[in-house]
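Okay, so here's the structure we're looking at.
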Amino acid sequence: MHTTIQTVLRSTLAVLSLSSQAAISAPEISWSLEGFDEPESVLAHPTKPLLYVSNINGSPTELNGKGYISLLSSEGRIIRHVWATGMDAPKGMATDSKHLYVADMQQLHIIDIDRGVLVKSVKADSSVMLNDVAIDDTGVVYISDLLGGGLYRYQNDTLQQWVTGEQIPHPNGLIFKDDELIVASWGTGIKDDFTTETLGGLYAVNRATATLTPYKDAQQFGNLDGLAAAGDSLLISDWMNGNIFGYKDKTVQLLFNAGKYAADITVKGDQLYVPMMFSQRIDTYKIEK
Numbered sequence: 210m211h212t213t214i215q216t217v218l219r220s221t222l223a224v225l226s227l228s229s230q231a232a233i234s235a236p237e238i239s240w241s242l243e244g245f246d247e248p249e250s251v252l253a254h255p256t257k258p259l260l261y262v263s264n265i266n267g268s269p270t271e272l273n274g275k276g277y278i279s280l281l282s283s284e285g286r287i288i289r290h291v292w293a294t295g296m297d298a299p300k301g302m303a304t305d306s307k308h309l310y311v312a313d314m315q316q317l318h319i320i321d322i323d324r325g326v327l328v329k330s331v332k333a334d335s336s337v338m339l340n341d342v343a344i345d346d347t348g349v350v351y352i353s354d355l356l357g358g359g360l361y362r363y364q365n366d367t368l369q370q371w372v373t374g375e376q377i378p379h380p381n382g383l384i385f386k387d388d389e390l391i392v393a394s395w396g397t398g399i400k401d402d403f404t405t406e407t408l409g410g411l412y413a414v415n416r417a418t419a420t421l422t423p424y425k426d427a428q429q430f431g432n433l434d435g436l437a438a439a440g441d442s443l444l445i446s447d448w449m450n451g452n453i454f455g456y457k458d459k460t461v462q463l464l465f466n467a468g469k470y471a472a473d474i475t476v477k478g479d480q481l482y483v484p485m486m487f488s489q490r491i492d493t494y495k496i497e498k
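Anchor point for the sequence shown: position 127 equals 336 in the working numbering, and the numbering is continuous, going up by one each time.
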């Protein structure tokens with residue numbers, strides 16, 4: 210059997226094995242809101258009942274200047290559909306409560322969160338498609354490069370590559386949990402249609418040494434996009450298939466299927482917010498932690 214076919218078959222069987230551990234009926238939907246433009250990421254404000262939605266507004270790799278951020282209430286009311294502008298294809302976001310940091314192709318945008326104004330853009334010349342953002346407890350910002358590979362770090366007004374693409378070829382979702390930077394990988398051998406020869410998994414990054422350690426019990430289970438913390442669990446979205454996985458006690462479990470192209474998720478309280486990128490809507494589910 211051809212090596213590529215063997216790899217795909219092994220990955221498929223792994224996902225089928227996971228799916229047998231749980232029913233794939235979706236939990237209760239709290240609300241759903243349409244009318245977005247390729248919504249890639251939802252981020253909840255840490256202390257206020259607000260949501261930020263990144264709208265690519267075009268192709269995921271297009272430099273058209275039409276990308277924007279929407280501002281919603283956590284109950285699904287649109288406060289400002291076009292809240293912050295001046296972007297190309299904005300994707301993952303993170304906030305320190307003063308600024309919103311947005312990954313956008315080769316740039317990291319910094320938005321004044323009180324005014325909704327883009328105040329600074331920093332370019333990473335060696336990057337290809339910056340994708341997700343996380344901030345540590347000292348204010349250092351970390352960014353993944355899905356297509357170029359590797360991780361970038363923004364500190365002291367400087368954006369530089371921190372982990373190479375050889376170490377992690379196609380990282381996507383980032384989150385800090387228990388003082389550990391966790392990375393969700395898209396997989397390896399990425400193709401033009403964003404499928405991969407090998408499915409992705411989870412990795413931990415040592416901030417002191419910039420070394421990666423794979424989660425041995427969480428490998429090759431999806432083209433992973435978003436990461437969100439829910440109590441003691443991690444929730445992970447598989448963009449290609451729409452699967453929402455849970456990771457707890459060294460076990461990956463398929464929770465439900467949200468639909469194809471479920472992108473960069475977030476959790477606040479008992480609500481899971483899922484941007485449905487090509488359906489132009491946000492779906493919100495009530496979850497049990």
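Yeah, the Cβ is synthetic: ideal placement off N, Cα and C, and Gly gets one too.
Less than 6 angstroms between C-beta atoms, sequence neighbours within five positions excluded: which residues of the same chain meet that for A437? Correct list, in chain order: L444, I474, T475, V476.
DSSP state of Y482 mapped onto helix, strand, coil: Correct three-state label for Y482: strand.
So the candidates are T373, I238, L339, V461; which of them puts its Cα closest to the Cα of G285? Checking every option, the nearest Cα to that of G285 belongs to I238.
Going along the chain, which unbroken runs of the beta strand (DSSP E) with 3 or more residues stay wholly within the region 234–275? Taking only runs of at least 3 residues, the beta strand (DSSP E) segments lying wholly in the region 234–275 are 238–243, 248–253, 259–264.
Terminal residues of the beta strand (DSSP E) in which M314 lies: No beta strand (DSSP E) holds M314; DSSP gives it neither H nor E.
If you draw a straight line from the alpha carbon of L433 to that of R416, how long is it in whole angstroms? Answer to the nearest angstrom: the Cα atoms are 22 angstroms apart.
Let's see if you can read the secondary structure: which residues bound the beta strand (DSSP E) around W371? Note, W371: beta strand (DSSP E), 367–372.
Do the region 346–364 and the region 309–319 make contact, defined as three or more Cβ pairs closer than 8 angstroms? With the rule of 3 Cβ pairs closer than 8 angstroms, the region 346–364 counts as touching the region 309–319.
With distances taken Cα to Cα, identify the nearest neighbour of G431 among G440, L390, G382, M302. Checked all of G440, L390, G382, M302; the closest Cα to G431 is G382.
Pick from M302, L464, A471 that is closest to I496, judged by C-alpha positions: Ranking the options by Cα distance to I496, first place goes to L464.
Could you tell me which of E406, G295, V414 sits nearest to A393, measuring between CA atoms? Selection E406, G295, V414 evaluated against A393 yields V414 as nearest (Cα-Cα).
Here's the rule: buried if 16 or more other CB atoms are within 10 angstroms of the residue's CB, otherwise exposed. What is T422? Taking all protein chains in view, the Cβ of T422 is surrounded by fewer than 16 other Cβ atoms within 10 Å, so the residue is classified as exposed.
Under three-state DSSP, which class holds P378? Note: P378 maps to coil in three-state DSSP.
Taking all protein chains shown into account, decide if F487 is buried (16 or more other Cβ within 10 angstroms of its Cβ) or exposed. When all chains shown are included, F487 counts as exposed.
Is G276 closer than 9 angstroms to D297 when the C-beta atoms are compared? Yes, Cβ-Cβ distance for D297 and G276 is below 9 angstroms.
Please identify the residue among S353, P236, V461 whose C-alpha is closest to the C-alpha of Y424. The option with the nearest alpha carbon to Y424 is V461.
Close Cβ partners of L259 (< 8 angstroms) along its chain, the five nearest in sequence each way excluded: Close CB contacts of L259 within its chain, under the 8 angstroms cut and outside five residues either way in sequence, are with A253, L280, L281, S282, S283, I288 (chain order).
Looking at L411 and A343, is the spacing between their C-beta atoms short of 9 angstroms? With respect to the 9 angstroms criterion, A343 and L411 are not classified as neighbours on the basis of their beta carbons.
Close beta carbons around A419, own chain, < 7 angstroms, minus the five adjacent residues each side: These residues qualify, in order along the chain: W371, V372.
What separation, rounded to the nearest whole angstrom, lies between the Cα atoms of G244 and T347? Our two residues, G244 and T347, have alpha carbons roughly 37 angstroms apart in a direct line.
Among P299, Y494, V350, which one has its Cα closest to the Cα of M338? By alpha-carbon distance to M338, the top candidate from P299, Y494, V350 is P299.
Applying the criterion that 16 or more other CB atoms from any shown protein chain within 10 Å of the CB defines a buried residue, is K498 buried or exposed? Counting every other CB atom within 10 Å of its CB across the protein chains shown gives K498 a total below 16, marking it as exposed.
Comparing the C-beta of S239 with each C-beta of chain D, is any distance below 9 angstroms? Among the protein chains of the structure shown there is no chain D, as only one such chain exists.
Let me confirm a value: S442 is counted as buried when at least 16 other C-beta atoms fall within 10 Å, else exposed. Which label applies? Within a 10 Å sphere around the beta-carbon of S442 sit 16 or more other beta-carbons, which makes this residue buried.
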